[in-house]
Amino acid sequence: MSHDMKDEKDKRSIVYTIEECQKCGVKNKRIFKVGDYVYKFGGSCLRCNGSTLITMIYAEYVNGT
């Protein structure tokens with residue numbers, strides 16, 4: 049096992065969803081919810097009340113404790 053693979057296993061990941069407003073372009077980062085997928089329509093924009101679209105889903109690694 050390589051050193052990099054061992055480091056990956058020692059870390060925990062948090063999955064985030066990015067929603068982007070189709071009207072004003074504001075982006076919102078939130079914790080991933082089961083059922084999220086890219087190009088799914090989200091909720092209403094907090095800034096202009098326009099509709100949001102999920103544009104990205106990704107994981108960030110954090111050190112395990």
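So for the sequence shown, this note's numbering puts the first residue at 49; every next one is plus one. Every residue gets a Cβ at the ideal spot worked out from N, C-alpha and C, and that includes glycine. Predicted, not measured: the structure shown is a model, and the values here were computed from it.
From residue i to residue j, what distance separates their C-alpha atoms?
i           : j           : result
residue 83  : residue 102 : 11 Å
residue 109 : residue 65  : 15 Å
residue 79  : residue 107 : 10 Å
residue 96  : residue 63  : 26 Å
residue 93  : residue 77  : 12 Å
For residue i, name the three-state secondary structure that DSSP assigns.
i           : result
residue 63  : strand
residue 111 : strand
residue 72  : coil
residue 101 : strand
residue 80  : coil
residue 85  : coil
Shortest alpha-carbon distance to residue i belongs to which of the options?
i          : options            : result
residue 71 : 80, 89 and 111     : 89
residue 86 : 63, 104 and 62     : 104
residue 99 : 111, 77, 68 and 81 : 68
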